[in-house]
Structure formats: structure tokens, C-alpha cells
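Residue numbers (my numbering), protein chains in the order written: chain A, 73 to 410; chain B, 6 to 330.
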């Protein structure tokens, strides 16, 4: 009797454990709806990135983000680095058109060189995502800066600091980058848009430094000799425009010349703002661009649409970085991304 | 002396052209002829000038060093990387110098002993050095210089009696190269080898060792130019390897009148060539001439100088046999 009672209790206990066990199994949750389909469709896809060159903040930050995404989702990311050679880039793109990857990510060195090839890639059914430097051909997607607005933002800063009666003079200098690049062409349009409304601002120099800080410095030195009362300078890329700052500093005019440029928002640029080599850096935050492009990569790989059917454009946010808002969000380092 | 300066050589033509431009700009451009602007003018070409001195030395010895810019950017960028890793700047630069000497020795041995033409050897060496640097020494193509070294900052931003340090560096290197070429056995041997390598060898000049030494010296001069550049713009931008800089260097040398067939010319030619390029660049920047137009004008003036030289000094049998590159 006693034994039966004990065995009943034992059985009841065992049953309840079993029941609890099933409950616990239900506690581990359900598979997220759509997850398997997403991972299955993206897995094994081939994505190739053709940068202008690797080895500098902008492209390295994107690549770091996409490499991470590729590892997580299981797609293959290849980087074909033309190392600043438009010719090598064109060859890489031509070769890719016959290789037929699922997606090409292109960072255009100028607005013309790849334009026809990109159209051909689209015709061949290859999806194309352009980042930060668009060509004249619109493809499936463009993610990057709105260069015209960026130019307007820069010019408006100069108007605010060098308008009549505000600065030592109303003279400004424009130090261009590579003259046929998208950044340069569209940024110039933005600057012209604003300056045409403000005839009091005099652009006393408009020269190209080809993204070389030494050349930017040489130009600025000459300009400062001619116009010691220069009020502002506007550039295209912070990486090279430290040369402007170096010339201004050497002439002892730090604080007099308002130097506004744009860039990736790398910590190096922020350091240069702190050193007084740059006054303001309009950042297009490339890690953020990388994340937005990641979304586009995932979308383009999932979408059953034919290449070139739908064309979308997305301009990322712009942040004016000055001495006052140097912080971790605005000034990233490569280590933050790894 | 005045007659000698006006003698219609290429150097003379370029000197006249530079002088005409200088007088023209001085008359018609405001603020061209000021001490500040002239100093800015010389400073803007001082690094080009230093590199050209190194190139001149090799060209006089009937060689050519197309790897100078690659050697400069890689060695200096590597030194900057080491300095960022908290190695004292002096030690980092010493490491860079050792790398430069190694590169120069390898180039020299290939040219002198394997007798591969210098133009191909150095073209390939340039690509090898840059590729090596990009793979093993640095991943990011702009390397910032370390702060907190007084002498290094002085080299970039300092002045002595208003003269900027890079200009002084150019002057010192020019003087040294002048003295070496004129007054040392090494210098005289370079001329002898450049003029006629076989005769020089028969006369007992150790031509092969001399060639190796030339490439080491040109590399070290390039390294020095790189250090001045890094100090001047607070970092080394290795992208200039992809620019036309090496051709600009060669242009200064050839334009100044140092024939590529070797054995002729000297420091004065480099100074004249550098002056023309400097005056042109400065004047066009003041005139605010656009980028494309600047290139057009530069090329036309250079072509003009070469045409005038050919008219004044027509090819004779000797020059035709020696040939140009």
C-alpha cells in the first residue's frame, strides 16, 4: 500500500516534470517569421565592391561594415581594388559584366567613366548599387551624400561668416578636389546656387588641388599672399584640405580664415578641427552610409525584380562638425567598426 | 659671364623664358613681386626641387630613377607608422633610411651588374616598393606625422630670417649636390661614367660600384624630400605615388638642360628648371586660371621650350647617335 502510494507520487512528480519540460520547450520561442526565407535567399549570393581605392577612411569604413554583414548573412563579398586607377576600375567592371555577380557596388571616380558600363551591367541583369559618388547613369540604387545640398550648406556657412560687415573681408577661396568627380561637380553647383544669391561674397580663387594636401597648401599660400584679408576657404575633402589649414596656420591667420570642408567624419578630421587646421567639417558619416547601403544590399539581393526595374536614391544625413560637437558619434575610428 | 648665360643652350632658353615670365608677372600682377610671394613661390617648388637634384645626379651618370617617388612615400609613411607606434621619431626615420638604402642597393645591383636598362628596372622597382609598402607597412594611405618633436615641426613650419625651412632644406641639398658633383672624386666619376661608361671603366673608374652608389644617394635625397614634405603638411600622403610627380621631376631635370644621354649639366640646370615651373605655377594661381587651362598652358610652354631648343641646337651626328629616351 505504502509502496503504491509512493509510486503514484513518484509518477505524478515525473509527469509534472514532463509537463514542465514541454512548457520550457515552448519558452524557447518561435522562429522569426521570414527569417529563414531571408537567410536562404541571401546566402551564397555574390557581391563585388569596386571602390575608387581602398586604404582610406571612406572605403575602409564601408568595407568593414559589409564584411561583417557578409559574414553574418553568408553572402560572398569581394573587393576589387583599382588603387586610384580609373583604367584598372574600368577593366574590373568589364570583367565583372561577364562574370555576372548578383550585385555590384560601385564607387565612381568620376561621373562619366563607368556610366556606359553600368548601363550595360544593368542590361545584363546585374544589380548595381552606387555609393557616395554617383555617375550620370542612374542604377538600382544610390546611397550617399547629397552633394548639391552639401555645397549649399558649406556656402551658407561662408555667407554667415563672411557676409558684408561680418568678417575681415568678403573674400573667399574655393579649393577644388578632382574636377571631374561627382563630389566636386555637384558640390560646386551647390556653392554656385548660394553665391549667386549673395553677390557681395567675392570668390578670389578657384583652383584644384587634386586631393593632395601639399598642393592645397601651395595654392593657399599664394592666395594668402595676394589676399591677406581672406575671410573664408571652402574645400571638398577634409583629407586633403588640412593643407589649406597648414597654410593658414603658417601665415598666422588661424581664426581669421573660416575653413569649411566635408568628409567621412573620421576621428583624424576631428583631431584636425581641434588643432585648428579646419573650422568646420560637414560630415556625411560613412559608417552610417555603410549601414544604409547594407540595407540596400539585403533588399536588392532579396528582391525578385529585374535589374534596373526600380531606381531609388537615398541621401544620408549631414552633420556640421565643429569644436563644439566632437564626440564619439560624430568622430568614429576604424576600431569602432571592427 | 652675361654672354655665357645668354648662350643659346636649352638652359639659356628656359632661363630666358623664366625671366620673361617673371618680369611680365612682376609688371602686371599685383603683389607678385613681394618678399612674401617670392618665398611662397620657392616654397611651393622646394620639394620638387630637392627630388630633381637627386634625379639630376642619376641622369648625369646616364641613369634614371623612376622609383624616387615610390621610395619617398613608402619609406616616410613607414617611418610615420613606426612613430605612431611610439617608437622615437629618430629611430623610426633611421628604419626608413635603412629601407631606402636597401632599395637603392637592389636597384643599383640590377642596373650595374645584371645590366638591365635603368628605365625598366626603376619603373618596376617603383611598383614593387609601393606594393610592398601597401602590403606590409601601412594600410591607410595617409599617415599623419607625430606631434611633439620640435625639430620636425621646425623643418615644416619654421623660418630663419623669414625664409621657410623647406626652402632652406632645398638650398642646403643644392649646395651639397653642387659640392659633391664639382669637388669630390665621386662627383667627377659620375660625369665620366655618364659621358662614356666604357672609357671611364678602361680608365679605372669602378663604374659598377659607382652606379649602385648613385641609386642609394638618389633614394636618400628622395627620403629627405619626403621628410620635409611630411613635416610641411603634417603627414605623408602616399597617393602622390599615383600622381604625375615623377614626370614633373624628370621634366625639371630635362627642361633645365640635363640631357638624358648623361655626362652633362649640373645643379644650376635644376635651379633654372625649378624656377620656371615655380614661376609658372605661382603666376597661374594668382591669375586664378582654371585647372584644365593651367595644364594646357604648362604643356604648351614646355613644348615651346623643347622646340626652340631643337631650332637653336639642331641634331648633329653625335647627338643623333646617342639618342634620347
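For glycine and all other residues, C-beta sits at the position ideal for the given N, C-alpha and C. Values in this document were obtained by computation on a predicted structure and should not be read as measured data.
Residue i, DSSP secondary structure in three states
i, result
"residue 35 of chain B", "coil"
"residue 374 of chain A", "helix"
"residue 141 of chain B", "helix"
"residue 336 of chain A", "coil"
"residue 217 of chain A", "coil"
"residue 171 of chain B", "helix"
"residue 160 of chain A", "helix"
"residue 126 of chain A", "coil"
"residue 294 of chain B", "coil"
"residue 392 of chain A", "strand"
"residue 120 of chain B", "coil"
"residue 387 of chain A", "strand"
"residue 263 of chain A", "helix"
"residue 280 of chain A", "strand"
"residue 187 of chain B", "helix"
"residue 128 of chain B", "helix"
"residue 59 of chain B", "helix"
Residue j beta carbon less than 8 Å from that of residue i
i, j, result
"residue 280 of chain A", "residue 249 of chain A", "yes"
"residue 3 of chain B", "residue 70 of chain B", "An answer regarding residue 3 of chain B cannot be provided, because it is not within the stretch 6 to 330 covered by chain B."
"residue 422 of chain A", "residue 225 of chain A", "Nothing about residue 422 of chain A can be read from this structure; chain A reaches only from 73 to 410."
"residue 225 of chain B", "residue 60 of chain B", "no"
"residue 231 of chain B", "residue 147 of chain B", "no"
"residue 247 of chain A", "residue 292 of chain A", "yes"
"residue 335 of chain A", "residue 360 of chain A", "no"
"residue 156 of chain A", "residue 125 of chain A", "yes"
"residue 177 of chain A", "residue 193 of chain A", "no"
"residue 67 of chain B", "residue 266 of chain B", "yes"
"residue 295 of chain A", "residue 277 of chain A", "yes"
"residue 215 of chain A", "residue 368 of chain A", "yes"
"residue 223 of chain A", "residue 172 of chain A", "no"
"residue 383 of chain A", "residue 212 of chain A", "yes"
"residue 302 of chain A", "residue 329 of chain A", "yes"
"residue 339 of chain A", "residue 242 of chain A", "no"
"residue 272 of chain B", "residue 160 of chain B", "no"
"residue 352 of chain A", "residue 325 of chain A", "no"
"residue 297 of chain A", "residue 36 of chain B", "yes"
"residue 317 of chain B", "residue 23 of chain B", "no"
"residue 170 of chain A", "residue 186 of chain A", "no"
Contact set for residue i: own chain, Cβ-Cβ below 7 Å, skip 5 residues either direction
i, result
"residue 174 of chain A", "117, 118, 119, 199 and 373"
"residue 48 of chain B", "169, 171 and 172"
"residue 52 of chain B", "171, 230, 233 and 234"
"residue 112 of chain B", "72, 126, 127, 130 and 220"
"residue 152 of chain A", "120, 122 and 164"
"residue 175 of chain B", "51, 54 and 55"
"residue 137 of chain A", "359, 362, 363, 366 and 409"
Contact set for residue i: own chain, Cβ-Cβ below 8 Å, skip 5 residues either direction
i, result
"residue 274 of chain B", "16, 61, 258, 261, 262 and 263"
"residue 213 of chain B", "117 and 118"
"residue 330 of chain B", "Because residue 330 of chain B sits at a pLDDT of 48, beneath the cut-off of 50, its placement in the model cannot be relied upon, and the point is left open."
"residue 10 of chain B", "Reliability of the predicted coordinates at residue 10 of chain B is poor, the pLDDT of 46 falling under 50, and the value obtained from them is presented with this limitation in mind. The residues are 17 and 20."
"residue 25 of chain B", "none"
Closest Cα partner of residue i within the set the options
i, options, result
"residue 162 of chain A", "A:345, A:149 and A:179", "A:179"
"residue 366 of chain A", "A:142, A:400 and A:111", "A:142"
"residue 229 of chain A", "A:205, A:306, A:396 and A:298", "A:306"
"residue 45 of chain B", "A:358, A:394, A:287 and A:377", "A:287"
"residue 30 of chain B", "B:279, B:287 and B:103", "B:287"
"residue 313 of chain A", "A:349, A:201 and A:205", "A:349"
"residue 166 of chain B", "B:40, B:294 and B:268", "B:40"
"residue 322 of chain A", "A:264, A:290, A:114 and A:252", "A:290"
"residue 237 of chain B", "B:201, B:155 and B:281", "B:155"
"residue 295 of chain B", "A:252, A:106 and A:104", "A:252"
Residues of its chain near residue i, where Cβ-Cβ distance is below 6 Å and the 5 sequence neighbours each way are ignored
i, result
"residue 282 of chain A", "250"
"residue 148 of chain A", "118"
(request) Residues of the segment 282-315 of chain A with a CB closer than 9 Å to any CB of chain B: list them in chain order, please. (result) 282, 283, 284, 285, 286, 287, 288, 289, 290, 291, 293, 294, 295, 296, 297, 298, 299, 300, 311, 312, 314 and 315
(request) Using a Cβ-Cβ cut-off of less than 8 Å, give me the residues of the segment 325-338 of chain A that come near chain B, in sequence order. (result) So the list is empty, because no residue satisfies the distance condition.
(request) Could you list the residues in the segment 278-305 of chain B with a C-beta less than 7 Å from some C-beta on chain A, going in chain order? (result) 287, 290, 291, 293 and 296
(message) Please list, in chain order, the residues of the segment 253-276 of chain A that have any C-beta partner in chain B closer than 8 Å.
(response) 276
(request) Can you give me, in chain order, the residues of the segment 226-237 of chain B that have a beta carbon less than 9 Å from any beta carbon in chain A? (result) 234 and 237
(message) Against chain A, which members of the segment 29-46 of chain B pass a CB distance test of less than 8 Å?
(response) 35, 36, 39, 41, 42, 45 and 46
(message) Please list, in chain order, the residues of the segment 137-148 of chain B that have any C-beta partner in chain A closer than 9 Å.
(response) 139, 143, 144, 145, 146 and 147
(request) Pull out every residue of the segment 153-164 of chain A whose Cβ sits closer than 9 Å to any Cβ of chain B, in chain order. (result) 155, 156 and 157
(request) Anything in the segment 244-278 of chain B with a Cβ closer than 8 Å to a Cβ of chain A? List those residues in chain order, please. (result) 244, 245, 247 and 248
(request) Taking a Cβ distance cut-off of 8 Å, strictly less, list which residues of the segment 86-112 of chain B are near chain A, in chain order. (result) Per Cβ criterion, the list is empty.
(message) Taking beta-carbon pairs under 8 Å, can you tell me which members of the segment 230-255 of chain A lie near chain B?
(response) 248 and 251
(message) Any C-beta of chain A within less than 9 Å: which residues of the segment 46-68 of chain B qualify?
(response) Of all residues in the segment 46-68 of chain B, those with a C-beta nearer than 9 Å to a C-beta of chain A are 46, 48, 49, 50 and 52, reading in chain order.
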